[in-house]
Amino acid sequence: MNGCSTETLSPTPEGLARAADLLRAGRLVAFPTETVYGLGADAGNDRAVAGIYEAKGRPSFNPLIVHCADLDAVKALVEWSDAAQAVAEAFWPGPLTLVLPLRDGARVSKLVTAGLDTLAVRVPAAPVARDLLRAAGVPVAAPSANRSGQISPTRARHVAASLGGRVGAILDGGACAVGLESTILGLAGRPTLLRPGGITLEALEHVLGERIALRHEADMISAPGQTASHYAPNAQVRLNAVEFEPGEARLGFGAVDCDLNLSEGEDLTEAAANLFEFLHRLDATGAARIAVSPIPHVGLGVAINDRLSRAAAER
Ligand code: TXA
Ligand code: MG
């Protein structure tokens, strides 16, 4: 895959048709969702899915999320349940991924599940993603469209910088509205939060009418992708910076003097949408360290702090 020429496509009818053709032909297509850009391949095509791992440089034990155009396509792949129905009705299409038992005979490559008997599925909300999934007519496996361990992409140019020359095409749909990856809810057993994200724990518990277990930190089998160091810029990252030090790139929140402000008005939705773009920008300045203001640990702040603590983790 390395060294192929990458097409840039617009989300016009022609661009979408071309992207869908490439997917059906087993090629990789990066496309925008409301969370982050995904690196897509036909989930039923072993060679295409192998190409995702190769292009990302991703450890092969880390399973992928399958994206579907609608509920019928999801139900062909997993064993459905009342709990799944309740949260799907409330939050799909949208930034929520469900982990459910894999259906016998589902057309999904073993490389997608990394051998687990469960499958992660989601119906994205971004119109470009839905148009592409409909046009392709196959479920699309897609991790975030960045080299493994790097900051997630929320703009087409982030994808080009990280994966240009390694993918067949990049579909440019502008900025991602949510800006943080989907929340992952495990529903194969007791409801368990496997990754905080665009939908808050409180909102899920409200719909399910029960408490959701938090994934145990040491349980690397239920969410093998959640390694400590992730989303890492080249710069060191210092969290909860109340005062900034000379030479640091300053990522602020609220009424502070800084280089880039996630949200002057302390709006966590705005902060989430800005997070990865601002980390990309501050990293591009070549600063040795990025210092980040404290982010309140409520609502979307939980997911923002999750990503920031991984960006700051020992490598
Ligand atoms: O918002 C998102 O979810 C984005 C967009 C492109 O949809 N995708 C994304 O994919 O973040 P990725 O590959 O970066 O993260 C997928 C996560 C990993 O942590 C992986 O371990 C977990 O989902 N996962 C996938 N299948 C799983 C399964 N069967 N059981 C538990 N965790 C699973
Ligand atoms: Mg990722």
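All residue numbers for the sequence shown refer to my numbering, where the first residue is 16 and numbers rise by one. A virtual CB, placed ideally from N, CA and C, is assigned to each residue, including glycine. Quick caveat: nothing in here was measured; it's all calculated off a predicted structure.
- prompt: Does the beta carbon of L277 come closer than 7 Å to any beta carbon on chain C?
  reply: The structure shown has no chain C; it contains just one protein chain.
- request: From the DSSP output, read off the bridge partner residues of H245.
  value: Within the sequence shown, the letter at position 230 stands for residue 245. BP columns for H245 are empty, so no partner.
message: Following a CB-centred definition, is S197 positioned closer than 6 Å to any heavy atom of the ligand MG?
response: The residue labelled residue 197 in the question sits at position 182 within the sequence shown. Not so, every heavy atom of the ligand MG lies at least 6 Å from the Cβ.
Check your reading: residues with Cβ closer than 6 Å to the ligand MG heavy atoms: P158, S159, S167
query: Could you give the distance in angstroms between the alpha-carbon of H312 and the alpha-carbon of L323?
result: Taking the sequence shown and counting its residues from 1, one reaches residue 312 at position 297. Taking the sequence shown and counting its residues from 1, one reaches residue 323 at position 308. Those two C-alpha atoms are separated by around 12 Å.
- prompt: From this set, E94, K90, D57, P142, which residue's C-alpha is nearest L126's C-alpha?
  reply: One-based indexing of the sequence shown puts residue 126 at position 111. Comparing Cα positions, the closest option is D57.
- request: May I have the straight-line CA-CA distance separating L315 from E281, to the nearest angstrom?
  value: For the purposes of this step, residue 315 is identified with residue 300 of the sequence shown, where counting begins at 1. For the purposes of this step, residue 281 is identified with residue 266 of the sequence shown, where counting begins at 1. Looking at the two C-alpha atoms, the distance is approximately 12 Å.
field: Status (buried if at least 16 other CB within 10 Å, exposed otherwise) for E217
entry: For the purposes of this step, residue 217 is taken as residue 202 along the sequence shown, with counting starting at 1. Classification for E217: exposed.
query: Excluding sequence positions up to five away, which residues of its chain have a Cβ less than 7 Å from the Cβ of A88?
result: Residue mapping note: residue 88 aligns to position 73 of the sequence shown, counting from 1. The residues are P154.
- prompt: Does DSSP put E225 in a helix, in a strand, or in coil?
  reply: Numbered from its first residue, the sequence shown carries residue 225 at position 210. Coil.
task: Please go through the stretch 20-56 and give each complete alpha helix (DSSP H) segment of 4 or more residues, from N-terminal end onward.
output: 28-39
- prompt: Pick from R226, R73, G189, I305: whose alpha carbon is nearest that of A157?
  reply: Locating residue 157 in the sequence shown gives position 142, where the first residue counts as 1. With distances taken between Cα atoms, A157 lies closest to R73.
- prompt: Does the ligand TXA have even one heavy atom less than 6 Å from the beta-carbon of G53?
  reply: Residue numbering aside, residue 53 sits at position 38 when the sequence shown is read from its first letter. Yes, Cβ of G53 sits closer than 6 Å to a heavy atom of the ligand TXA.
- prompt: What first and last residue would you give for the beta strand (DSSP E) that runs through I199?
  reply: What you label residue 199 is simply residue 184 of the sequence shown in a count that begins at 1. Unbroken beta strand (DSSP E) run through I199: 198-201.
task: Look at the Cβ atom of L202, then the Cβ atom of A99, and state whether they are nearer than 7 Å.
output: Position 187 of the sequence shown holds residue 202. Position 84 of the sequence shown holds residue 99. Yes; because the gap between Cβ atoms is below 7 Å, this pair is in contact.
query: From P309 to V257, what distance separates their C-alpha atoms?
result: Residue mapping note: residue 309 aligns to position 294 of the sequence shown, counting from 1. Residue mapping note: residue 257 aligns to position 242 of the sequence shown, counting from 1. Each residue's alpha carbon lies about 7 Å from the other.
- prompt: Where do the ends of the alpha helix (DSSP H) carrying R145 lie?
  reply: The residue labelled residue 145 in the question sits at position 130 within the sequence shown. Per DSSP, R145 belongs to the alpha helix (DSSP H) from 142-151.
- prompt: Can you check whether the CB of V51 is closer than 7 Å to the CB of S159?
  reply: Here the question's residue 159 lines up with position 144 in the sequence shown. Here the question's residue 51 lines up with position 36 in the sequence shown. Cβ distance < 7 Å, so S159 and V51 count as in contact.
field: R304 in three-state terms, based on DSSP
entry: Mapped onto the sequence shown, residue 304 falls at position 289. Correct three-state label for R304: strand.
message: If the criterion is Cβ atoms closer than 7 Å, does the pair A176 and L38 meet it?
response: On the sequence shown, residue 176 is found 161 positions in, with the first residue counted as 1. On the sequence shown, residue 38 is found 23 positions in, with the first residue counted as 1. For A176 and L38, no; Cβs fall outside 7 Å.
- request: Taking all protein chains shown into account, decide if T300 is buried (16 or more other Cβ within 10 angstroms of its Cβ) or exposed.
  value: For the purposes of this step, residue 300 is taken as the residue at position 285 of the sequence shown. Under this definition T300 is an exposed residue.
Proximity to V102 [Cα-Cα], best of A35, E329, L200, T284: Translated into positions along the sequence shown, residue 102 becomes position 87. Here the closest residue by C-alpha is L200.
task: For D187, count neighbouring Cβ atoms within 10 angstroms of its own Cβ and tell me buried if that reaches 16, exposed if not.
output: Here residue 187 corresponds to residue number 172 of the sequence shown, with the count starting at 1. Flag for D187 reads buried.
field: For N161, the three-state DSSP class (helix, strand or coil)
entry: The residue labelled residue 161 in the question sits at position 146 within the sequence shown. In this structure, N161 counts as coil in the three-state DSSP scheme.
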